[in-house]
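J.: Once you've had a glance at the structure underneath, I'll fire off some questions.
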Amino acid sequence: MDHDDNYPSDPTYTLFDDVAIGSASPPPNPLVNGGFETGTLSGWTLTGTTSVTTVAHSGAYAALAGGTSQTNGDSSLSQTFTAPSAATTLSLWYATKCPDTVTYDWTTVTLRDNTAGTTTTVVPRTCPTAYVWVNATAGIIAGHSYTLTLINHDDNYPGDSTYTLFDDVAVVGSSPLRFSADGRSTRVKSGDEDEADDRERVRKR
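Sequential numbering of the sequence shown, starting at 0, is according to numbering that gives the first Met the number 0.
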């Protein structure tokens, strides 16, 4: 605010610049190894075929559920955590390689509120045509216990193996921007998809 009494020959004014409003510190992330930067899947309960990959959304590693060769049924990672104070949102990134249809192969993510006895489907069954990184979020309540389950399903049919990458699983204080496969996405650049080591790298727009 600037105040001037309108008296001739003594104008008063004030310059303002670089005004910023500070934000509260983010809540601590209660998820163990949510970015998989240990290079392992430690902290997660595993079923089916799971591993780590260097095709990451950020950092050096991500989780891989399923495989570049067909797998049979669900491959999953799950973890139970308690939402800290100031936590409002669960956020994660996933990228699905699905050459089949959602009738047979898919990615899905569920979040069980163990305190309230309810389950939220964070990512409904999906078999996208575009192999891109997508952000998914869900609201959470501080103090509640949750079980998060990341699932890739493959029907074991030869020649169309489906797998999902997961990365940057975190609890945050507010909902981040959601990106989708519309040109604003973080795209996954494919290499030789016949290679067993899946030599794909990420190009971020």
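Glycine included, each C-beta is placed from N, C-alpha and C at the ideal position.
Using C-beta distances below 7 Å, list every residue in its chain close to F35, excluding the 5 sequence neighbours before and after it, in chain order.
T.: Taking the first residue of the sequence shown as position 1, residue 35 is located at position 36. V51, Y60, A61, A62 and D166.
J.: Give, in chain order, every unbroken run of the alpha helix (DSSP H) that is at least 4 residues long and sits entirely within the stretch 42-73.
T.: Whole alpha helix (DSSP H) segments, 4+ residues: zero.
J.: DSSP puts V108 in a beta bridge; with which residues?
T.: In the sequence shown, residue 108 corresponds to position 109, counting from 1. Per DSSP, V122 and L149.
J.: Name the one or two DSSP bridge partners that A137 has.
T.: Taking the first residue of the sequence shown as 1, we reach residue 137 at position 138. Answer is L89.
J.: Kindly give me the distance between the Cβ atoms of T48 and S74, rounded to whole angstroms, as I take these residues to be in contact under 8 Å.
T.: Your numbering for residue 48 matches position 49 in the sequence shown. Your numbering for residue 74 matches position 75 in the sequence shown. Their Cβ separation, rounded to whole angstroms, is 5 Å, which keeps T48 and S74 in contact under 8 Å.
J.: By how many angstroms is the C-alpha of T88 removed from the C-alpha of A137?
T.: For the purposes of this step, residue 137 is identified with residue 138 of the sequence shown, where counting begins at 1. For the purposes of this step, residue 88 is identified with residue 89 of the sequence shown, where counting begins at 1. Cα-Cα distance, rounded: 6 Å.
J.: Given that a residue counts as buried once 16 or more other Cβ atoms are within 10 Å of its Cβ, and exposed if not, what is H152?
T.: Counting from one through the sequence shown, the residue named residue 152 turns up at place 153. Its Cβ being crowded by 16 or more others within 10 Å, H152 is buried.
J.: What is the DSSP secondary structure of F165, reduced to helix, strand or coil?
T.: Here residue 165 is taken as the residue at index 166 of the sequence shown, counted from 1. Strand at F165.
J.: Out of D159, G172 and R111, point me to the one whose CA is closest to P98's CA.
T.: Stepping through the sequence shown from its first residue, residue 98 is reached at position 99. Checking every option, the nearest Cα to that of P98 belongs to D159.
J.: Does the stretch 142-157 touch the stretch 104-113, meaning 3 or more C-beta pairs lie closer than 8 Å?
T.: A contact exists between the stretch 104-113 and the stretch 142-157.
J.: Should S90 go down as buried or exposed, given a rule of 16 or more other Cβ atoms within 10 Å for buried?
T.: One-based indexing of the sequence shown puts residue 90 at position 91. Flag for S90 reads buried.
J.: Taking all protein chains shown into account, do 16 or more other C-beta atoms lie within 10 angstroms of the C-beta of D104, making it buried, or fewer, making it exposed?
T.: Numbered from 1 along the sequence shown, position 105 holds the residue referred to as residue 104. With 16 or more other Cβ atoms within 10 Å, it is buried.
J.: Where Q69 and P29 are concerned, what is the direct C-alpha to C-alpha distance, given to the nearest angstrom?
T.: By one-based count along the sequence shown, residue 69 stands at place 70. By one-based count along the sequence shown, residue 29 stands at place 30. Rounded to the nearest angstrom, the two C-alpha atoms are 33 Å apart.
J.: Just the C-alpha distance for W92 and G33, rounded to the nearest angstrom, thanks.
T.: Mapped onto the sequence shown, residue 92 falls at position 93. Mapped onto the sequence shown, residue 33 falls at position 34. So the two alpha carbons sit approximately 11 Å from each other.
J.: Rank T163, G172, G42 and A55 by C-alpha distance to the C-alpha of V122 and give the top, closest one.
T.: In the sequence shown, counting from the first residue as 1, residue 122 sits at position 123. Comparing Cα-Cα distances from V122 to each of T163, G172, G42 and A55, the minimum goes to T163.
J.: Considering only the alpha carbon of each residue, which of G58, G142, G66 and T37 lies closest to T46?
T.: Counting from one through the sequence shown, the residue named residue 46 turns up at place 47. Minimum Cα distance to T46 is reached at G66.
J.: Go ahead and label H2 buried or exposed: buried means 16 or more other beta carbons lie within 10 angstroms of its beta carbon, across all protein chains shown.
T.: Reading the sequence shown from its first residue, position 3 is the one you call residue 2. Looking at its Cβ environment, which holds fewer than 16 other Cβ atoms inside 10 Å, H2 is exposed.
J.: Give me, in chain order, the residues of the same chain whose beta-carbon lies closer than 7 Å to that of R124; leave out the 5 immediate sequence neighbours on both sides.
T.: Along the sequence shown, one-based indexing puts residue 124 at 125. Same-chain partners within the cutoff: V101, W105 and T107.
J.: Let me know if A141 comes out buried or exposed under the rule of 16 or more other beta-carbons within 10 Å of its beta-carbon.
T.: Here the question's residue 141 lines up with position 142 in the sequence shown. Exposed: under 16 other Cβ atoms inside 10 Å.
J.: Residues in the same chain with beta-carbon distance under 6 Å from A85, minus the five sequence neighbours each way, listed in chain order, please.
T.: To locate residue 85, count along the sequence shown from 1; it is residue 86. Counting only Cβ-Cβ distances below 6 Å, and skipping sequence neighbours, we find P26 and G172.
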